[in-house]
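The structure appears right after this line, and notes come after that.
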Amino acid sequence: MASAFDPKKQFSLIYGSAAGLRQRLTDQIIAAALPPEEREWGLIVVDGPEVGAAGIISHLRAGSLMAPDRVVLVRGIDKLNAAAPKQLAAALPTVASETRVVFGSDSHCDS
Numbered sequence: 623m624a625s626a627f628d629p630k631k632q633f634s635l636i637y638g639s640a641a642g643l644r645q646r647l648t649d650q651i652i653a654a655a656l657p658p659e660e661r662e663w664g665l666i667v668v669d670g671p672e673v674g675a676a677g678i679i680s681h682l683r684a685g686s687l688m689a690p691d692r693v694v695l696v697r698g699i700d701k702l703n704a705a706a707p708k709q710l711a712a713a714l715p716t717v718a719s720e721t722r723v724v725f726g727s728d729s730h731c732d733s
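The sequence shown begins at 623 in my numbering and counts up one residue at a time.
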């Protein structure tokens with residue numbers, strides 16, 4: 623099954639001081655990418671500071687047998703160590719085209 627994702631919109635960074643606006647944008651991205659019935663298997667929420675760059679990369683590279691498209695929401699991206707951005711940037715080209723990645727700038731970017 624071919625992915626309906628637009629490859630130009632595969633990666634999103636959501637940041638800013640207005641928590642409500644960050645949440646609304648996160649919800650809109652998820653709603654556009656995954657129908658409600660696919661979210662149980664297709665939506666992965668990761669606490670970036672808890673799992674670190676290696677854990678985030680593992681989630682980005684993992685596939686799903688149950689959902690044709692996936693959204694990986696990484697919370698707290700701004701709280702990672704200084705080496706993490708380079709590690710994540712190096713891993714992004716290996717992310718499957720069926721995976722949409724949303725990086726949230728603080729832990730309030732939740733769904």
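Don't be surprised by glycine CBs; every beta carbon is placed ideally from N, CA and C. As the structure is a computational prediction, the values presented were derived from the model and not from experiment.
Which residues bound the beta strand (DSSP E) around residue i?
{"i": "L665", "result": "L665 to D669"}
{"i": "G726", "result": "T721 to G726"}
{"i": "L695", "result": "R692 to R697"}
Could you give the C-beta distance for residue i and residue j, rounded to a whole number, given that I count them as a contact under 8 angstroms?
{"i": "L682", "j": "G726", "result": "Rounded, the Cβ-Cβ distance is 15 angstroms, inconsistent with contact."}
{"i": "R692", "j": "G670", "result": "Not a contact, Cβ separation roughly 17 angstroms."}
{"i": "A675", "j": "L702", "result": "6 angstroms"}
Residue i lies in the alpha helix (DSSP H); which residues open and close that run?
{"i": "L710", "result": "A706 to A713"}
Are the beta-carbon atoms belonging to residue i and residue j less than 7 angstroms from one another?
{"i": "V717", "j": "I651", "result": "no"}
{"i": "A655", "j": "R722", "result": "yes"}
{"i": "A751", "j": "E660", "result": "A question about residue 751 goes unanswered here, because the residues of the chain that appear run from 623 up to 733."}
- prompt: For the segment 635-686, which segments carrying the alpha helix (DSSP H) assignment without a break, of at least 4 residues, lie completely within its bounds, in sequence order?
  reply: Listed in chain order, the complete alpha helix (DSSP H) runs (minimum 4 residues) inside the segment 635-686 are 641-655, 661-664 and 670-683.
task: Decide if the segment 675-690 is in contact with the segment 645-652; the criterion is three or more beta carbon pairs, one per stretch, under 8 angstroms apart.
output: No, because fewer than three Cβ pairs between the segment 675-690 and the segment 645-652 fall closer than 8 angstroms, the two stretches do not touch.
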